[in-house]
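Number of protein chains: 2
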Amino acid sequence: MTVTGGASTEWVRRRNTALVLRELRQGGAGSRAELASRTGLAKATVGAIVADLTAGGVVSEDDSAPAPERPARGRPSRPVVLLGGSLVGLGLELNVDYVAAVLLDVSGDVLRHETRPVDGGDPVEVLSALVTEVVPPEAAPRLVGAVLAVPGLVGGDDRTVAWAPNLDVDGAGLAERIAALLGPDCPVRIANDADCAAYAEAHHGAATDTDSLLYLTGTVGIGAGIVSAGELVRGGTGFAGEVGHVPIGEPQAPCGCGRRGCWEASIGLHAMLRAVGLPELGTPVATAQAVAERAAVDADVRAGLDHLGHDVGLGLAVLAAVLDPSVVVLGGYFVPLGELVLDRARAVLDERLVDPLTRPELRVGALGIEAAALGAAERAFAPILAGEVELPV
Amino acid sequence: MTVTGGASTEWVRRRNTALVLRELRQGGAGSRAELASRTGLAKATVGAIVADLTAGGVVSEDDSAPAPERPARGRPSRPVVLLGGSLVGLGLELNVDYVAAVLLDVSGDVLRHETRPVDGGDPVEVLSALVTEVVPPEAAPRLVGAVLAVPGLVGGDDRTVAWAPNLDVDGAGLAERIAALLGPDCPVRIANDADCAAYAEAHHGAATDTDSLLYLTGTVGIGAGIVSAGELVRGGTGFAGEVGHVPIGEPQAPCGCGRRGCWEASIGLHAMLRAVGLPELGTPVATAQAVAERAAVDADVRAGLDHLGHDVGLGLAVLAAVLDPSVVVLGGYFVPLGELVLDRARAVLDERLVDPLTRPELRVGALGIEAAALGAAERAFAPILAGEVELPV
DNA sequence: TGACTTTAGTTCGACTGTCGTACTAAATAG
DNA sequence: CTATTTAGTACGACAGTCGAACTAAAGTCA
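Chains as they are written, first to last, in this note's numbering: chain B, -12 to 380; chain F, -12 to 380.
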């Protein structure tokens, strides 16, 4: 029922153009006739839309077509293909110890991906330098937008950081500072990092086959992103998915926040390290990598991870009952541990869920540290692919 | 990004018609000129749409206009008003011990509301009789649709009951049996009862001021409905919000399901009665009414309810952290107890939430036993008001 | 080789819709 | 009685989709 305002005939064209773009992205290249039958539009309409897109340099006729199983008879088709680099979305991540940028193609390819440590400098300065490097001036006019992922609470206007306890930045001017680097025509929005990572796994990662997803990321803290019916669930103040300090872990585990039973106190990075008796390394993922290697030869480590899996399952049982996701993706430090943790978590879920038939599939994230930036880039495309916005041609 | 298929020019008219209807519903009657400025459409467009609607008998010119603060000059406006009864939606509820029907007007008025006990008969038979009584034959052509709320899991097609442990009905043929009573042009859908009740509170009840809502209903069991960004969160299999057996109550409380710590074991009707030491009466609401009366004179009862409020807050702290609703509405047997329970629940929430600023407002449901049926009726209107569907004129 | 078949893509006219402008209608002010 | 002001309508320009007819480009087959 989210219907914005009045619609006119130009609006119809925008929507149908978006429909064709989505079809090309998801279903791959195809002739006009094929696109017409795939989208349900009339052949003439597809022809007009393709002509527009060709003029705008967004698609072209793929002459180098391999024509694999060409039908024996009839005029040969001229497949239409998305033009790489014609439209790009910029995804940024501003985190405590690193920044990242992903430049994403309209066809879904990652054109560039860069990560930089912050190393005590001003994170926004480091990010700004990265932006000017990743987005060369000639690419700026083809930018459909930029989305900046931050570990914090984002205001309802998608432009301000309302609360980011670990990040020492000026939440009010952040979007403007990035926008200044990208020119006046590039819309800049801010989003939550866990939300972006969830979006990335849903579109490019481990959960492209569902639209009902819970993403759980483990570092020192625990965060979640919720995707329901293909849309992010953000809550009334954008705080949805802040599950780190929810009392759904081992009830007695003391947490740094002063309470007991916080999930983070049971399955945060430090709790995991206590359970296996191993030291922390440079990053959570590197730490977990070392733990996984050690587990191969050390039964005590395996037992510790099994216990971790128990606590993961305990909390997921609550979240799964509330949200009923089809898939749960675990990211962050959970990725290297994989089945060492998930196996037990699945067993706990089966035990605790009322109807085990609704048990979500547990998977490990397919994207690395770039998940949030990639999801941010994908979100930059969302208005275009929904037909809500004019193409920047 | 939920974009269905190709759009054509007729589709534009459907959407703009829906826009005008929503404006009339929410903003009240208004002249064509006023509607034009309220919707952002051109005067001529509104004129054409109003002409269509007038021809279809959905709106008319309100000659009996009181014209309260008529502007001193200029041609007087002819206010356009929704015609009562011109379009109606039917909401039904099929429950274990009663059935209910609500006939809702396009303007949002309840035309009829009937509840019947099942008394051991076939609930579907009782419901069918109620339907034929509530929907007279002459009203059938004006029906925009019917939605049936059931206490169970609804299939993804919105037409079948996949799982309804307490309900002894044939889930497969249910929608068809209702549709047979209403004629071939009336679309019939099935929905979850807690979802419908949540929808009702969001549109007609205690939470019309927000689009981010958690509805909690208390009877013998506990159920929840989640509204995020104005849309119901249903989960991958429609099971979202089944919070009764989630371990977020008193950890040691034994539950009928064999586990410990289920929320239902702490805040279900029977747990409440144990806490206050009073007997169960005919219905949960009547029981709670008696408890509330007793609380006025009995400090022990008040203490029991205070303890109940503690357990309510305990679980809500988890749900609020996960979902971050702006408002939590408590329905069912909680309504008569009101502040006797909510006061303590608020205190627990303040204690347990990471950032008390995000504490949702706790309210008591404004709708009685008809909540689910009313929400179902409102949902019957949703496709019309979203412009997804042609008016049945 | 040349007519026939088959499929792809374009052209064109009918239709539907929105929008802005000009026009008509209906009231008050002076 | 005229000027002013506001509401509503008529009309033509414009944008878009659609289906049917048409053109284009291949293979098939006598």
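Think of the CB as a built atom: it goes at the ideal place given N, C-alpha and C, for glycine as much as any other residue.
Inset, instruction - Report the neighbours of residue 312/B on chain F: residues whose CB is nearer than 7 Å to its CB, in chain order. - result: 222 and 223
Legend entry - Near-chain F residues of the region 59 to 79 of chain B (beta-carbon distance less than 9 Å), N- to C-terminal order: none
Inset, instruction - Under 7 Å between beta-carbons, which chain F residues line up against residue 345/B? List them in chain order, please. - result: 224 and 226
Inset, instruction - Return the chain-ordered list of same chain residues with a C-beta closer than 6 Å to the C-beta of residue 147/B, the five sequence neighbours on each side being excluded. - result: 158 and 159
Inset, instruction - Could you name the residues of chain F that residue 3/B contacts, counting a contact when the two beta carbons are closer than 8 Å? - result: -7 and -6
Inset, instruction - Please specify which runs of the alpha helix (DSSP H), each continuous and at least 4 residues long, are wholly inside the region 26 to 86 of chain B, giving them in chain order. - result: 30 to 42
Inset, instruction - Determine the direct distance from the alpha carbon of residue 377/B to that of residue 154/B, and round the result to whole angstroms. - result: 34 Å
Inset, instruction - For chain F, find out if any of its Cβ atoms is closer than 9 Å to the Cβ of residue 233/B; answer yes or no. - result: yes
Inset, instruction - Please name the residue, chosen from 278/F, 361/F and 152/F, that lies closest to residue 133/F on a Cα-to-Cα basis. - result: 361/F
Legend entry - Beta-carbon contacts of residue 16/F that lie in its chain and below 7 Å, excluding the five residues immediately before and after: 49, 66, 67 and 68
Inset, instruction - Could you tell me whether any Cβ in chain F is nearer than 9 Å to the Cβ of residue 381/B? - result: The structure shown has nothing for residue 381/B, since chain B only spans -12 to 380.
Legend entry - Segment limits, alpha helix (DSSP H) that includes residue 209/F: First-last for residue 209/F: 209 to 215, but that is the beta strand (DSSP E), not the alpha helix (DSSP H).
Inset, instruction - With 9 Å as the limit, tell me which residues of the region 8 to 32 of chain B have their beta carbon closer than that to any beta carbon of chain F; keep them in chain order. - result: 9, 26, 27, 28, 29 and 32
Inset, instruction - Tell me whether the beta-carbon of residue 131/B lies closer than 9 Å to the beta-carbon of residue 74/B. - result: yes
Inset, instruction - To the nearest angstrom, report how far apart residue 334/B and residue 299/B are at their CA atoms. - result: 11 Å
Inset, instruction - Using beta-carbon positions only, say whether residue 263/B and residue 291/B come within less than 9 Å of one another. - result: yes
Legend entry - the region 18 to 25 of chain B in contact with the region 344 to 356 of chain B per 3-pair CB rule at 8 Å: no
Inset, instruction - Could you say which of 30/F, 316/F and 342/F lies nearest to residue 197/F if we only look at CA atoms? - result: 316/F
Inset, instruction - Look at the Cβ atom of residue 312/B, then the Cβ atom of residue 222/F, and state whether they are nearer than 9 Å. - result: yes
Legend entry - Three-way DSSP call (helix, strand, coil) for residue 147/F in this model: coil
Legend entry - Near-chain F residues of the region 185 to 209 of chain B (beta-carbon distance less than 7 Å), N- to C-terminal order: 197 and 199
Inset, instruction - Taking 9 Å as the cut-off, decide whether the C-beta atoms of residue 179/B and residue 136/B are in contact. - result: yes
Legend entry - Partners in chain B for residue 339/F, counting only beta-carbon separations shorter than 9 Å: 232, 233, 234 and 246
Inset, instruction - List the whole-angstrom C-beta distance separating residue 230/F from residue 235/B, where the pair is believed to meet the contact cut-off of C-beta under 8 Å. - result: Their Cβ separation, rounded to whole angstroms, is 13 Å, which puts residue 230/F and residue 235/B out of contact at 8 Å.
Legend entry - Secondary structure of residue 296/F, DSSP reduced to three states: helix
Inset, instruction - Can you pull the chain B residues whose beta carbon is under 8 Å from the beta carbon of residue 306/F, in chain order? - result: 309
Legend entry - Burial state of residue 60/B, where buried means 16 or more other Cβ atoms lie within 10 Å: exposed
Inset, instruction - With a cut-off of 8 Å on the beta carbons, I'd call residue 175/F and residue 110/F a contact; round off their distance for me. - result: Not confirmed; about 16 Å, so no contact.
Inset, instruction - Select from 149/B, 106/B, 13/B and 1/B the residue whose C-alpha is nearest the C-alpha of residue 36/B. - result: 1/B
Inset, instruction - Look up residue 313/B in the DSSP assignment and say whether it is helix, strand or coil. - result: coil
Inset, instruction - Note down, in chain order, each residue of its chain lying with its Cβ closer than 6 Å to the Cβ of residue 98/F, except the 5 sequence neighbours on either side. - result: 90 and 92
Legend entry - Three-state class that DSSP yields for residue 110/F in the structure shown: helix
Inset, instruction - Give the straight-line distance between the Cα atoms of residue 282/F and residue 38/F, rounded to the nearest whole angstrom. - result: 58 Å
Inset, instruction - For residue 320/F, name the three-state secondary structure that DSSP assigns. - result: coil
Legend entry - Alpha-carbon to alpha-carbon, residue 122/F and residue 141/F: 25 Å
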